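Report on the following structure.
Protein chains: 2
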Amino acid sequence: MSVRVGIMGYGNLGRGVESAIAQSSDMTLAAVFTRRDPGSLKIMTEGVPVYAADKAAEFAKDIDVMILCGGSANDLPKQSPALAKYFNVVDSFDTHAKIPEHFANVDKAAKEGGKAAVISVGWDPGLFSLMRMYGLAALPEGNDYTFWGKGVSQGHSDAVRRVEGVQDARQYTIPVESALERVRKGENPELTTREKHTRECFVVAKEGADKAAIEQTIKTMPNYFADYDTTVHFISQEELDRDHKGIPHGGFVIRSGKTGEGSSHVMEFSLKLESNPAFTSSVLVAFARAAYRLGSEGISGCKTILDIPPAYLCNMSGEELRKNLL
Amino acid sequence: MSVRVGIMGYGNLGRGVESAIAQSSDMTLAAVFTRRDPGSLKIMTEGVPVYAADKAAEFAKDIDVMILCGGSANDLPKQSPALAKYFNVVDSFDTHAKIPEHFANVDKAAKEGGKAAVISVGWDPGLFSLMRMYGLAALPEGNDYTFWGKGVSQGHSDAVRRVEGVQDARQYTIPVESALERVRKGENPELTTREKHTRECFVVAKEGADKAAIEQTIKTMPNYFADYDTTVHFISQEELDRDHKGIPHGGFVIRSGKTGEGSSHVMEFSLKLESNPAFTSSVLVAFARAAYRLGSEGISGCKTILDIPPAYLCNMSGEELRKNLL
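The structure is reproduced here in structure tokens:
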């Protein structure tokens with residue numbers, strides 16, 4: 375039997391989930407839900423219906439797990455609890471400070487509905503959280519380091535676009551190689567914000583704009599850039615569209631610590647992603663498999679990536695997993 | 375309440391487990407069991423009793439989880455099933471081909487005793503297995519690569535020591551940097567044994583031994599060296615003792631794959647370990663915590679690292695974990 379998956383929201387993430395389901399022989403896309411006019415939405419998979427988001431509950435019996443592809447700021451805080459009453463759900467909620475509140479809301483709803491929910495799935499929070507967990511478990515005395523990049527930060531790109539005189543922009547977060555090397559050597563350095571990452575901006579200025587003023591405004595912007603060494607490059611819109619269209623990202627989680635008898639060890643996990651939303655979508659689909667399985671076992675309530683047995687992510691028997699992966 | 379841990383076998387691994395328990399505020403070393411004369415064994419932790427291995431079952435009520443620190447060839451195939459009847463147990467069984475048989479034996483015993491067992495814990499099998507699992511889950515279409523080293527292979531060192539004319543030896547397994555780079559670039563190469571690893575031997579020859587013959591015998595030894603580019607260095611016993619006393623190891627697990635819409639991604643996990651047994655011991659203790667917790671929940675039978683929810687490895691509440699690690 376194939377797991378029937380629903381997609382709520384059809385942006386970058388929703389389309390990525392659709393592609394990832396096509397790679398999963400044990401899953402079938404059952405329906406896409408949208409807040410746009412369902413009749414106007416053309417999806418990639420043939421023969422799959424598109425419904426209005428507010429009608430989702432009517433399809434509770436037709437969908438084994440719903441993957442929520444909305445944003446953390448406005449969509450998921452409402453959608454995840456609302457839908458967890460009717461469906462096993464997975465979301466990628468990533469506003470760290472609000473996770474406890476979101477967890478509580480989803481947990482309550484999922485328990486009411488007797489469904490399993492997995493929140494904050496992706497790579498950070500997500501796989502990076504797992505690596506921090508395994509690092510702490512294996513080396514309880516040590517230090518954690520997370521570096522991000524090289525990759526596009528949408529939030530920082532948006533901040534640059536809001537600067538007066540800027541027509542378009544793309545911002546890259548870049549880990550400082552020398553800091554990474556110190557961490558890898560087990561030096562356990564204390565690193566300031568500036569020492570960990572640099573920021574590089576590719577900016578298209580409006581005609582006649584004061585480039586020096588733009589550069590100064592960007593570099594001194596509090597929270598976003600003031601604490602970093604920032605480089606600003608002015609380029610044409612054609613160059614931006616040609617060379618900076620992708621949404622690559624990635625990063626490093628490093629645990630450096632000592633075992634009780636005094637020897638030093640370094641654990642490192644890294645991701646190099648050509649497309650941040652495509653990879654996040656693929657991770658969401660793996661955890662949707664787990665949410666469905668938990669739900670089938672009668673487990674209800676909210677879980678995070680830290681609670682999921684790894685074997686639940688793959689469509690293989692315990693025997694196959696032990697033979698092929700152990 | 376502190377988890378009362380027993381150690382079965384007091385070699386490198388047993389001593390490592392003892393040190394790791396000392397780093398764990400939620401665990402107490404309750405007893406060490408040995409096949410040697412208990413009266414002759416001096417352990418590091420003061421006030422902890424040493425008992426004869428064959429009396430272990432008498433202490434079933436005093437120990438919450440037993441960590442088995444014997445070898446995979448001769449000890450664990452018997453010890454793990456025998457002790458899983460009485461204790462929650464963890465072992466580091468690493469003979470890949472025999473894992474299905476070992477799993478079945480331990481599962482039967484643990485179910486009879488109503489205990490939880492976790493087998494094949496360490497870093498490979500162990501953390502590396504986990505990384506292969508997460509890699510497959512996140513990138514179902516892709517390739518897996520595991521490289522080992524730079525590190526000491528005990529089996530290969532022993533093989534060199536058995537060569538006529540050899541007094542002592544130490545063998546290092548070294549990943550080929552150019553192969554690693556090709557994998558990291560997402561080239562998905564097909565690599566032969568020779569292309570993945572080289573082997574480096576430091577050999578102390580007996581007085582008057584034929585060094586050319588030794589070198590030739592090593593380099594052409596089937597299974598161990600014939601399929602590799604092997605370098606042999608002759609050094610003195612003093613140099614071997616001074617420069618090659620440690621047991622470092624490590625390696626790399628890389629998953630390279632494409633998501634459905636066509637973009638490429640690389641996931642990489644690596645370990646750099648100053649002491650292989652010390653790190654393995656530390657991982658064993660983390661999974662002992664999980665075995666105890668599973669047992670307390672009334673779950674019985676055999677599990678592997680792929681079945682354990684990551685959160686079970688740490689002594690923190692779900693709330694703390696979500697706040698600090700997610």
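Going line by line, the protein sequences match chains L and R.
With the first sequence counted from 1, adding 374 to any position gets you the numbering used here.
With the second sequence counted from 1, adding 374 to any position gets you the numbering used here.
Yeah, the Cβ is synthetic: ideal placement off N, Cα and C, and Gly gets one too.
Computed from a prediction, not measured in an experiment: that's the story for all the values here.
With its beta carbon at least 7 Å from every one in chain L, residue 509(R) lies outside the interface.
Near chain L, meaning a CB-to-CB distance below 8 Å, the residues of the stretch 624-644 of chain R are 633, 634, 635, 637, 638, 639, 640, 641, 642, 643 and 644.
Residue-level contact by beta carbon fails for residue 403(L) and chain R, as no gap is shorter than 7 Å. With a threshold of 7 Å between beta carbons, residue 443(L) makes no contact with chain R. Look at residue 646(R) here: in three-state DSSP terms it is strand.
For residue 678(L), the chain R residues whose C-beta falls within less than 9 Å of its own C-beta are 685, 692, 695, 696 and 700, listed in chain order.
Of all residues in the stretch 601-620 of chain L, none is placed with a Cβ closer than 7 Å to any Cβ belonging to chain R.
Excluding its 5 nearest sequence neighbours in each direction, residue 610(R) has C-beta neighbours in its own chain below 8 Å: 578, listed in chain order. The stretch 661-669 of chain L makes contact with the stretch 449-469 of chain L, as at least three CB pairs between them are under 8 Å. Taking a contact as a CB-CB distance under 8 Å, the pair residue 661(L) and residue 679(L) counts as one, their CB atoms being some 7 Å apart. Within chain R, the C-beta atoms nearer than 7 Å to that of residue 682(L) come from 683, in chain order. Membership of residue 567(L) in any beta strand (DSSP E) is not indicated; the residue belongs instead to the alpha helix (DSSP H) covering 567-570. Nearest neighbour of residue 421(L) by Cα position, chosen from 405(L), 479(L) and 612(L), turns out to be 405(L). According to DSSP, residue pairing for residue 629(R) in a beta bridge involves 518(R) and 641(R). Within the stretch 485-517 of chain R, contact with chain L at the beta-carbon level (separation under 7 Å) is assigned to 494, 499, 501, 503, 504, 506, 507, 508, 510, 511, 512, 513, 514 and 515.
With at least 16 other beta carbons inside 10 angstroms of its own, residue 438(L) counts as buried. Cβ proximity to chain R below 9 Å picks out 470, 473, 474 and 477 from the stretch 469-485 of chain L.
Residue 452(L) has a beta carbon lying at 7 Å or more from every beta carbon in chain R. Distance from residue 537(L) to residue 676(L) at the Cβ level is roughly 40 Å; contact not present, criterion being Cβ atoms closer than 8 Å. Put simply, the backbone Cα of residue 384(R) is about 20 Å away from that of residue 529(R). Around residue 397(L), the beta-carbon contacts reaching into chain R at under 8 Å are 514, 515, 633 and 634. From the beta-carbon of residue 647(L), the residues of chain R found nearer than 7 Å are 639.
Ranked by Cα distance from residue 407(R), the options 397(R), 400(R) and 426(R) are led by 426(R). In terms of CA proximity to residue 625(L), 498(L) leads the group 580(L), 498(L) and 576(L).
Interface residue (Cβ-Cβ distance to chain R less than 7 Å): residue 466(L) is not classified as such. Under the Cβ distance rule, residue 394(L) counts among the residues neighbouring chain R, one pair being separated by less than 7 Å.
Put simply, the CB of residue 527(R) is far from chain L, with every gap to its CB atoms at 7 Å or more. By alpha-carbon distance to residue 605(R), the top candidate from 613(R), 594(R), 519(R) and 612(R) is 594(R).
Per the coordinates, the alpha-carbon of residue 379(L) lies some 45 Å from the alpha-carbon of residue 391(R). Between residue 506(R) and residue 699(L), the C-beta gap is smaller than 7 Å, which places the two residues in contact. In the displayed model, residue 380(L) falls within a strand according to three-state DSSP. For residue 677(R), the uninterrupted beta strand (DSSP E) segment begins and ends at 675-678. Listed in chain order, the non-local C-beta contacts of residue 652(L) below 6 Å within the same chain comprise 390, local neighbours out to five positions each way being set aside. Contact between the stretch 448-459 of chain R and the stretch 412-419 of chain R is absent, with fewer than three C-beta pairs closer than 8 Å. Of all residues in the stretch 418-450 of chain L, none comes within less than 7 Å of chain R when Cβ atoms are compared. As the crow flies, the alpha-carbon of residue 403(R) is around 22 Å from that of residue 487(R).
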